[in-house]
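What follows is a short report on a single structure.
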Amino acid sequence: MFKYLLFFFSLLVQFQGQAQPDDERAAVIATIQKMFDGMRNTDSAAVASVFDPSARLQTTFTNKDGKPEIRSDAISKFVSSVGKPHEGIYDERIWSYDVRIDGNLASAWTEYTFFLTDKMSHCGVNAFQLFKSEGGWKIIQITDTRRRTDCQTEPNQDIAAIHRLMDTWHHAAAVAGEDVFFGSMTPDAVYLGTDATERWRRDEMREWSKKYFERESAWAFTANNRQVYLADDGRTAWFEELLDTWMGVCRGSGVLQKTADGWKIKHYNLAVTVPNEAINGFIELVKNAPEKK
30 MFKYLLFFFS
40 LLVQFQGQAQ
50 PDDERAAVIA
60 TIQKMFDGMR
70 NTDSAAVASV
80 FDPSARLQTT
90 FTNKDGKPEI
100 RSDAISKFVS
110 SVGKPHEGIY
120 DERIWSYDVR
130 IDGNLASAWT
140 EYTFFLTDKM
150 SHCGVNAFQL
160 FKSEGGWKII
170 QITDTRRRTD
180 CQTEPNQDIA
190 AIHRLMDTWH
200 HAAAVAGEDV
210 FFGSMTPDAV
220 YLGTDATERW
230 RRDEMREWSK
240 KYFERESAWA
250 FTANNRQVYL
260 ADDGRTAWFE
270 ELLDTWMGVC
280 RGSGVLQKTA
290 DGWKIKHYNL
300 AVTVPNEAIN
310 GFIELVKNAP
320 EKK
């Protein structure tokens, strides 16, 4: 018995001594942030320290003739440029981190906007690959994209965009704007209504609701007290909101996805709210409701 307890204890100690996923994710992000901090501080030594000797730096873009290109630069050239006198502060602002880790390999997809001091230069995505060496996580590859349009410049732009999307979506139903209403949803979006049978894909709901959108108003819900939550990867969000409706106060909740065309609704759940004091009467009402055929 003692032998088995000793074996179990040794496994427990070994497990506790290993870095857990959240710790590893934080370490990967810290390595990347150290590079950007070094750029802001004109500290080429700090920037050089995060790279593995085999590291590569590449940029993919569309040239003036509309053709795709990829350009490679030496890490040493990049590090040297950070330390040399240059106009403005190299301020690359990261809006999201999508980190994946398996063993000694990590990848990080980061949306960014590059500023020279406070002047926006360009934006895009960085695709990092990192290797966990004996000295910690080291960058072995950076490939980025670059553009000058549709660039994020403030931290809360996505939250504001989601509020605008949801407000526009509800307004479209109120004025029977069919194209705007369904265009705000992903093609595979799911809408759950208040009845247990009401589960539609987007195009199924469009067909079902044709008679409502032929009127001046399909339905008029006024949203308030909306809460929006953004995932770390910056590509997914979820929310809940209270709605003033002809049924009384309802609750809507759902999931949104960031697409090439902006934020879209991927899942929406509409629920009737029942005060706790009225729940027994509600239960009886449902029990006595006629069955659907």
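Per the numbering used here, the very first residue in the sequence shown carries number 30; after that it's consecutive. Glycine included, each C-beta is placed from N, C-alpha and C at the ideal position.
Supposed contact pair residue j and residue i - C-beta distance, whole angstroms, cut 8 Å
i	j	result
Ala218	Phe210	That pair is no contact at about 11 Å.
Ala77	Val108	5 Å
Ile188	Leu285	That pair is no contact at about 11 Å.
Gln62	Trp124	No, Gln62 and Trp124 are not in contact; Cβ-Cβ is about 13 Å, not under 8 Å.
Arg54	Ile104	24 Å between Cβ atoms; not a contact.
C-beta atoms of residue i and residue j nearer than 7 Å
i	j	result
Tyr220	Trp229	yes
Thr142	Asn155	no
Thr251	Val301	no
Gly117	Leu145	yes
Leu194	Trp275	no
Arg244	Ala203	no
Leu271	Asn298	no
Ser213	Ile294	yes
Whole-angstrom distance between residue j and residue i, CA atom to CA atom
i	j	result
Pro82	Arg100	19 Å
Lys106	Thr88	14 Å
Val79	Gly112	15 Å
Val278	Arg255	13 Å
Met234	Lys167	49 Å
Arg175	Arg280	41 Å
Arg177	Gly283	32 Å
Arg69	Thr60	15 Å
Lys148	Ala137	26 Å
Bounding residues of the beta strand (DSSP E) (the contiguous stretch that carries residue i)
i	result
Ser125	Tyr119 to Asp131
Gly263	Note, Gly263: premise wrong, no beta strand (DSSP E); not H, not E.
Glu140	Leu134 to Leu145
Extent of the continuous alpha helix (DSSP H) run through residue i
i	result
Gly310	Ile308 to Lys316
Pro114	Counting along the chain, Pro114 falls outside any alpha helix (DSSP H), and DSSP gives it neither H nor E.
Glu207	Glu207 to Gly212
Assigned exposure category for residue i - 16 Cβ within 10 Å defines buried
i	result
Ile171	buried
Tyr119	buried
Gly237	In the sequence as presented, Gly is not what sits at residue 237; that position holds Trp. It counts as exposed.
Ser246	exposed
Phe268	buried
Val128	buried
Asp102	exposed
Tyr126	buried
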